[in-house]
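Report on the following structure.
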Amino acid sequence: MTMEGNQNEIQAAGAVILLFGATGDLARRKLFPAFYALYREGKLAENFAIVGLARRQRTNEEFRQDVLDSIKEFARYKVDNDDNWERFADHFEYMPLDTNNVEGFRQLNELTGQLDRKFGIEGNRLIYLALAPELFGTVAHNLKAGGILESAGWNRLVIEKPFGYDLPSAEKLNEELSGVFREEEIYRIDHYLGKEMVQNIEVLRFANAFFEPLWNNKHIANIQITLSETVGVEERGGYYDHSGALRDMGQNHMLQMVTMMAMEPPSRMHPEDIRDEKVKVLRSLRLYEDTADVQGNVVRGQYAEGQSKGKELPAYRNEDKVNPESVTETYFAARIMVDNFRWAGVPFYVRTGKRLPVKTTEVVVEFKNMPENVYFAQKTDLKPNLLVFRVNPLEGIYLKMNAKRPGSEWSIVPIAMDFCQSCQIGINTPEAYERLIYDAARGDSTYFTRWDEVKLAWTFIDRIASGWAQDQSDLKFYPAGSWGPEAADKLLHQDGFHWWPVNGQDESEVVWVPATS
Ligand code: BG6
Numbered sequence: 004m005t006m007e008g009n010q011n012e013i014q015a016a017g018a019v020i021l022l023f024g025a026t027g028d029l030a031r032r033k034l035f036p037a038f039y040a041l042y043r044e045g046k047l048a049e050n051f052a053i054v055g056l057a058r059r060q061r062t063n064e065e066f067r068q069d070v071l072d073s074i075k076e077f078a079r080y081k082v083d084n085d086d087n088w089e090r091f092a093d094h095f096e097y098m099p100l101d102t103n104n105v106e107g108f109r110q111l112n113e114l115t116g117q118l119d120r121k122f123g124i125e126g127n128r129l130i131y132l133a134l135a136p137e138l139f140g141t142v143a144h145n146l147k148a149g150g151i152l153e154s155a156g157w158n159r160l161v162i163e164k165p166f167g168y169d170l171p172s173a174e175k176l177n178e179e180l181s182g183v184f185r186e187e188e189i190y191r192i193d194h195y196l197g198k199e200m201v202q203n204i205e206v207l208r209f210a211n212a213f214f215e216p217l218w219n220n221k222h223i224a225n226i227q228i229t230l231s232e233t234v235g236v237e238e239r240g241g242y243y244d245h246s247g248a249l250r251d252m253g254q255n256h257m258l259q260m261v262t263m264m265a266m267e268p269p270s271r272m273h274p275e276d277i278r279d280e281k282v283k284v285l286r287s288l289r290l291y292e293d294t295a296d297v298q299g300n301v302v303r304g305q306y307a308e309g310q311s312k313g314k315e316l317p318a319y320r321n322e323d324k325v326n327p328e329s330v331t332e333t334y335f336a337a338r339i340m341v342d343n344f345r346w347a348g349v350p351f352y353v354r355t356g357k358r359l360p361v362k363t364t365e366v367v368v369e370f371k372n373m374p375e376n377v378y379f380a381q382k383t384d385l386k387p388n389l390l391v392f393r394v395n396p397l398e399g400i401y402l403k404m405n406a407k408r409p410g411s412e413w414s415i416v417p418i419a420m421d422f423c424q425s426c427q428i429g430i431n432t433p434e435a436y437e438r439l440i441y442d443a444a445r446g447d448s449t450y451f452t453r454w455d456e457v458k459l460a461w462t463f464i465d466r467i468a469s470g471w472a473q474d475q476s477d478l479k480f481y482p483a484g485s486w487g488p489e490a491a492d493k494l495l496h497q498d499g500f501h502w503w504p505v506n507g508q509d510e511s512e513v514v515w516v517p518a519t520s
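Add 3 to the 1-based position in the sequence shown for the numbering used here, that's all there is to it.
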């Protein structure tokens, strides 16, 4: 078969992949398409097998049809050749499994042994739990009891978020898992760490002479991180009403983005060295002291009825499986301070929410203004330099500077350099899940969260949650389709800043410098 990937990348070692939650939404939307792309690119060799596991009865044929349907709908590679498809599908098996039943795990162990022999696999097991976290502990226990972890090769456990609901529940979960797996065998997924441009933050920071020397409180005024979504809670009301934006996006994706922006250069690009540096950032986060401190630095909101593109949108409280009197936040914004030598005094403003006007993930670095000295004696209205990491939906870098208006004497205008990476390579950008599955299969844990990161993240988030629990009067309602509560704007105005428009909106005054390849 032709291989479409970069042939310099190495193939993952062969393994039997045990996919728990194989009939679920994540498997259908993300995991099957990711396996297929890895296969098409030759990153998964022929010596692998995937066992789909779920409670539901399904034949192998039905399961393979599920996989095919998912790939047709969601994969970036289309099935264009029946032989290729048959070869790929032959690696998939299905087994119904009640996760409480140890006997089922023993049968699974027999099946994995047969698959080892069929595909020449040396006992490696990649166990993927796309399951409700309440089941993680039981599954881990029964994997051990069923003998599945005793084969000759390595064992790796990949788990989806949420990792707990707060620090005590995360600690309990971690204890259950660490009774069965060593920390280095546990791969906690944060899919934002698999995104191309999130990974690129490190490279852009550490491989460019003109960023790193300025990367500190002498030159940076503030950093703004926006993770906005247009969707509501869809069919996930039951989960979301219990979680809210703080736990759903803040504890994981948002704080991970903060660490990527704030970390010190690691001494070596090794997984543990990188993760050590991220832990130091989390340890430096200033914890909010009490409810007043939380309310002074964190804004929470919930979407009310509204409109987007002429469509009426329901209020959060009217969504399916949501308590009609819910006080769960669907939006939050915060001023986060990283109390270390590099970042003292530089606010990190973060915001995330459902039912906002655009879907975007963006990080804006706002530099301090140059002094408007005698050189600019005329009124110039100098704008700050901005460096923008565009993570989603566009992927690229945007740099905003000041220059002389062409043909004028001293008139200064903002100019922009816009490098749109996704416009140039389009479909070739691997999805986050492809990278992460590939990394786990190669034993590279760089872009997975280590237990000490999770623990510190919960320590920070729990302070907000407990402040909120004391007094709910600060919950603000915002119309669906708007940019959230006004209080989030005030948070920046208090410091003399404002949110920069995302996705290049409102850039009418900018003179564009065309992107070059
Ligand atoms: C998930 C959250 O982790 O991230 C969802 O549970 C959210 O609520 C999703 O919609 C956003 O991910 P992405 O990759 O679409 O930005």
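Every residue gets a Cβ at the ideal spot worked out from N, C-alpha and C, and that includes glycine.
field: Nearest-angstrom Cβ-Cβ length linking I79 and E434, presumed shorter than 8 Å
entry: Here residue 79 refers to the residue found at position 76 of the sequence shown. Here residue 434 refers to the residue found at position 431 of the sequence shown. For the sequence presented, residue 79 should be read as Arg rather than Ile. Approximately 7 Å separates the beta-carbon atoms of R79 and E434; this is inside 8 Å, confirming the contact.
task: May I ask you to check if the CB of H256 is nearer than 7 Å to at least one heavy atom of the ligand BG6?
output: On the sequence shown, residue 256 is found 253 positions in, with the first residue counted as 1. Yes - the ligand BG6 has a heavy atom lying nearer than 7 Å to the Cβ of H256.
task: Give the range of the alpha helix (DSSP H) segment to which T141 is assigned.
output: In the sequence shown, the residue the question calls residue 141 occupies position 138. Its alpha helix (DSSP H) spans residues 139-148.
- request: Tell me the start and end of each unbroken alpha helix (DSSP H) in the region 292-364 that is at least 4 residues and wholly inside, in chain order.
  value: With a minimum length of 4 residues, the continuous alpha helix (DSSP H) runs that stay inside the region 292-364 are 294-300.
Extent of the continuous beta strand (DSSP E) run through P36: For this step, residue 36 is matched to residue 33 along the sequence shown. Premise fails: P36 lies in the alpha helix (DSSP H), 35-43, not in any beta strand (DSSP E).
query: When every heavy atom of the ligand BG6 is checked, does at least one fall within less than 7 Å of the C-beta of M252?
result: Against the sequence shown, residue 252 aligns to sequence position 249. M252 Cβ: within cutoff of the ligand BG6.
query: Taking C-beta to C-beta, are A15 and R445 nearer than 8 Å?
result: On the sequence shown, residue 15 is found 12 positions in, with the first residue counted as 1. On the sequence shown, residue 445 is found 442 positions in, with the first residue counted as 1. Less than 8 Å separates the beta-carbon of A15 from that of R445.
message: Measuring only the C-alpha atoms, how far is L22 from M98?
response: As a first step, residue 22 must be located in the sequence shown, where it is residue number 19. As a first step, residue 98 must be located in the sequence shown, where it is residue number 95. Each residue's alpha carbon lies about 10 Å from the other.
Strand pairing of Y481, partner residues [DSSP]: Counting from one through the sequence shown, the residue named residue 481 turns up at place 478. Its beta-bridge partners are Y306.
- request: Below 6 Å CB to CB, which residues in the same chain sit around I13 once its five sequence neighbours on both sides are set aside?
  value: Reading the sequence shown from its first residue, position 10 is the one you call residue 13. Within the same chain, no Cβ atom closer than 6 Å to the Cβ of I13 is found once the five residues on either side in sequence are excluded.
- prompt: Going along the chain, which residues of its own chain have a beta-carbon closer than 8 Å to the beta-carbon of E186, five neighbours each way excluded?
  reply: Counting from 1 along the sequence shown, the entry for residue 186 is found at position 183. Around E186: R453, W454.
- prompt: Touching or not, the region 187-194 and the region 315-328, by the rule of three or more beta carbon pairs under 8 Å?
  reply: Too few Cβ pairs lie closer than 8 Å, so no.
task: Look at the alpha carbon of N140 and the alpha carbon of L176, and state the distance between them as a whole number of angstroms.
output: Along the sequence shown, read from residue 1 onward, the residue named residue 140 stands at position 137. Along the sequence shown, read from residue 1 onward, the residue named residue 176 stands at position 173. It is Gly, not Asn, that sits at residue 140 in the sequence shown. C-alpha separation (whole angstroms): 7 Å.
query: So what does DSSP say about S520, is it helix, strand or coil?
result: Against the sequence shown, residue 520 aligns to sequence position 517. Low local confidence applies: a pLDDT of 39 at S520 is under 50, so the model's placement there is unreliable, and no value is given.
query: Does at least one heavy atom of the ligand BG6 sit under 7 Å from the Cβ of E178?
result: Locating residue 178 in the sequence shown gives position 175, where the first residue counts as 1. Here the distance from the Cβ of E178 to the nearest heavy atom of the ligand BG6 is not below 7 Å.
message: My output table needs one value for L111: the three-state DSSP class, helix, strand or coil.
response: Along the sequence shown, read from residue 1 onward, the residue named residue 111 stands at position 108. Three-state result, L111: helix.
task: Measure the alpha-carbon distance for F35 versus A135 and round it to whole angstroms.
output: Numbered from its first residue, the sequence shown carries residue 35 at position 32. Numbered from its first residue, the sequence shown carries residue 135 at position 132. Taken atom to atom, the span from the alpha-carbon of F35 to that of A135 is near 19 Å.
query: Around the Cβ of T115, are there at least 16 other Cβ atoms within 10 angstroms (buried) or fewer (exposed)?
result: Within the sequence shown, residue 115 is the residue found at index 112, counting from 1. So T115 ends up on the buried side.
- prompt: Would you report the Cα separation of D119 and E275, rounded to the nearest angstrom?
  reply: The residue given as residue 119 occupies position 116 in the sequence shown. The residue given as residue 275 occupies position 272 in the sequence shown. Spanning the two alpha carbons is a distance of roughly 31 Å.
field: Distance between F392 and A404 (C-alpha atoms, nearest Å)
entry: Here residue 404 is taken as the residue at index 401 of the sequence shown, counted from 1. Here residue 392 is taken as the residue at index 389 of the sequence shown, counted from 1. Note that residue 404 is Met in the sequence shown, not Ala. Spanning the two alpha carbons is a distance of roughly 15 Å.
Cβ shell of G8 (< 7 Å), same chain only, five flanking positions each side left out: Translated into the one-based positions of the sequence shown, residue 8 becomes position 5. Below a pLDDT of 50, predicted positions are generally treated as unreliable, and G8, at 48, falls in that range; the measurement from the model is reported next regardless. Here the set comprises E44, G45, K46.
- prompt: Three or more C-beta pairs closer than 8 Å, one from the region 283-299 and one from the region 333-350: is that the case here?
  reply: Verdict: yes, contact present.
- prompt: Does the beta-carbon distance from G235 to P360 come in below 8 Å?
  reply: For the purposes of this step, residue 235 is taken as residue 232 along the sequence shown, with counting starting at 1. For the purposes of this step, residue 360 is taken as residue 357 along the sequence shown, with counting starting at 1. Not a contact, by the Cβ cut-off of 8 Å.
query: Residue range of the alpha helix (DSSP H) that N87 falls in?
result: On the sequence shown, position 84 is the one that residue 87 refers to. Start and end: 85-92.
field: Buried versus exposed call for F463 [16 or more other C-beta atoms within 10 Å across all chains shown]
entry: Along the sequence shown, read from residue 1 onward, the residue named residue 463 stands at position 460. With 16 or more other Cβ atoms within 10 Å, it is buried.
message: Measuring straight from C-alpha to C-alpha, what distance separates W157 and I20?
response: Working through the sequence shown from its first residue, we reach residue 157 at position 154. Working through the sequence shown from its first residue, we reach residue 20 at position 17. C-alpha of W157 to C-alpha of I20: approximately 12 Å in a straight line.
query: Taking DSSP as the reference, what is the three-state secondary structure of K75?
result: On the sequence shown, residue 75 is found 72 positions in, with the first residue counted as 1. Reduced to three states, the DSSP call for K75 is helix.
field: 8 Å CB neighbourhood of A143 in its chain, flanking five on each side removed
entry: Translated into positions along the sequence shown, residue 143 becomes position 140. L160, E179, L180, G182, V183, F184.
task: Report the residue from G149, I162, E113, I124 whose alpha carbon sits nearest the alpha carbon of E137.
output: Along the sequence shown, one-based indexing puts residue 137 at 134. It is I162.
field: Heavy atom of the ligand BG6 within 7 Å of K164 beta-carbon
entry: In the sequence shown, the residue the question calls residue 164 occupies position 161. Flag set: Cβ of K164 near the ligand BG6.
- request: Return the Cβ separation of W346 and A419 in integer angstroms, given the expectation that the two are a contact with Cβ distance under 8 Å.
  value: Here residue 346 is taken as the residue at index 343 of the sequence shown, counted from 1. Here residue 419 is taken as the residue at index 416 of the sequence shown, counted from 1. At roughly 26 Å, the Cβ-Cβ gap does not stay under 8 Å, so W346 and A419 are not in contact.
Close Cβ partners of R128 (< 6 Å) along its chain, the five nearest in sequence each way excluded: Position 125 of the sequence shown, counted from the first residue, corresponds to residue 128. Excluding positions up to five away in sequence, the list reads V19, N158.
query: Can you tell me where the beta strand (DSSP E) with S181 in it begins and where it stops?
result: Along the sequence shown, read from residue 1 onward, the residue named residue 181 stands at position 178. Counting along the chain, S181 sits inside no beta strand (DSSP E); it lies in the alpha helix (DSSP H) bounded by residues 170-181.
Nearest to P374 (by Cα), restricted to the options L385, V82, A460: Locating residue 374 in the sequence shown gives position 371, where the first residue counts as 1. Each of L385, V82, A460 was checked against the Cα of P374, and the nearest Cα belongs to L385.
message: Let me check you understand the geometry: is the CB of T364 closer than 7 Å to at least one non-hydrogen atom of the ligand BG6?
response: Translated into positions along the sequence shown, residue 364 becomes position 361. For the ligand BG6, at least one heavy atom lies less than 7 Å from the Cβ of T364.
- request: Compute the distance between the beta-carbons of A92 and R67, then report whether it is under 8 Å.
  value: To locate residue 92, count along the sequence shown from 1; it is residue 89. To locate residue 67, count along the sequence shown from 1; it is residue 64. A92 places its beta carbon less than 8 Å from that of R67.
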